[in-house]
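This report refers to the structure that appears directly beneath it.
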Ligand code: SF4
Ligand code: SF4
């Protein structure tokens, strides 16, 4: 007998899902989560609980939480852990912000949809006690340099298949791993921007700024619930591996170091701010910290559908033609 309600009623969610949780007390069993997961996402209905050991398959995309009319499904909240880290004065809390947050956060405070609130977003994070605010557009540029270089290599040497698909979306990567593993060789080997930002902070940024990497609490601020899954993948501990090879960390310290420690969503930041009664609209604009507070237009257009590959293609064009 399954521990889940029938998938004909609603989408099953595992208690250890790192991205999504359900509040049983408020679920009205309307089935909207089931419809989006089976329809637009094509996950529910494409596995059988009797054949997965009663474990629900989930690519952590968050769309079920997006449509749940009563807020029974939500992202797994982590902002309380970031708040605790901020209160611990031994810790250096560094938040890296994804491009879309600066045009979505204002809505939560009664501003017009799409208001550009980059300066207020940074000021808010500083008011909450965050030590450094960096721009994930910095590592979006790193991702693009890698994806563009890889694309040129695929075209000129033929060592890997074409077309090349982007690798930035962890839900898409997990979908391919689960249902279409035969296309994995077509997916770029580059890590996502958040996947690159984490280890770059704990190695390069820490060294340049004279910060002990063991004290850094790395936080990604992003709209994406799948990032909560991505940062917990086994592969995402490159900083520890590197720092151990340099004699900076012991083997057990390296094993325990994650590249990125927490992911919080745009609305988690808004909840935290409202709990602290911060007057967002009247915050004075602030700027990103340096280093790693800059990015190019290639990083910004990641926020648009097709933007990642457009940035890769135009960078490849620049490399080839000069
Ligand atoms: S959409 Fe929300 S309320 Fe409706 S069945 Fe799913 S969890 Fe329950
Ligand atoms: S997060 Fe996405 S894949 Fe997982 S249950 Fe919800 S809609 Fe389905």
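In my numbering, the protein residues as written are 52 to 373. Just so you know, even glycine gets a beta-carbon here, dropped at the ideal spot from N, CA and C. Source: prediction; values computed, not measured.
1) Provide the residue span of the alpha helix (DSSP H) that contains residue 131, from first to last.
2) Let me check you understand the geometry: is the CB of residue 80 closer than 7 angstroms to at least one non-hydrogen atom of ligand 1?
3) Once DSSP output is grouped into helix, strand and coil, what is the label at residue 334?
4) Would you kindly report the start and end of the unbroken alpha helix (DSSP H) that includes residue 72?
5) Within the same chain, show all residues whose beta-carbon is closer than 8 angstroms to that of residue 163, passing over the 5 residues directly before and after it, in chain order.
6) Reducing DSSP to helix, strand and coil, say where residue 182 ends up.
7) Go to residue 147, then tell me how far its beta strand (DSSP E) extends in each direction, as first and last residue.
8) Report yes if the C-beta distance between residue 60 and residue 107 is below 8 angstroms; otherwise report no.
9) Contact between the region 345-355 and the region 170-181: three or more CB pairs below 8 angstroms?
10) To the nearest angstrom, report how far apart residue 101 and residue 125 are at their CA atoms.
11) Quick one: Cα of residue 146 to Cα of residue 52, how far?
12) Can residue 152 be considered in contact with ligand 1, in the sense that its beta carbon sits closer than 7 angstroms to one or more heavy atoms?
13) Is the beta carbon of residue 71 closer than 8 angstroms to that of residue 374?
14) Return the residue from the list 222, 85 and 170 that minimises the CA-CA distance to residue 332.
15) Helix, strand or coil: how does DSSP classify residue 268 here?
16) When burial is assigned at 16 or more other CB atoms within 10 Å of the CB, is residue 167 buried or exposed?
17) Beta carbon of residue 216, beta carbon of residue 245: below 8 angstroms?
18) Measuring from the CB of residue 56, is there a heavy atom of ligand 2 at a distance below 7 angstroms?
19) Indicate, with yes or no, if ligand 2 has a heavy atom lying under 7 angstroms from the CB of residue 114.
From the atom records:
1) 130-138
2) Under cutoff, so the answer is yes.
3) coil
4) Here residue 72 belongs to no alpha helix (DSSP H); instead the beta strand (DSSP E) covers 71-73.
5) 157
6) coil
7) 143-148
8) no
9) Too few Cβ pairs lie closer than 8 angstroms, so no.
10) 26 angstroms
11) Residue 146 and residue 52: Cα-Cα distance of roughly 44 angstroms.
12) no
13) With the chain represented from 52 up to 373, any question about residue 374 goes unanswered, as that position is not in the structure.
14) 170
15) strand
16) exposed
17) No, these two residues do not count as a Cβ contact at 8 angstroms.
18) no
19) At least one heavy atom of ligand 2 is nearer than 7 angstroms to the Cβ of residue 114, so yes.
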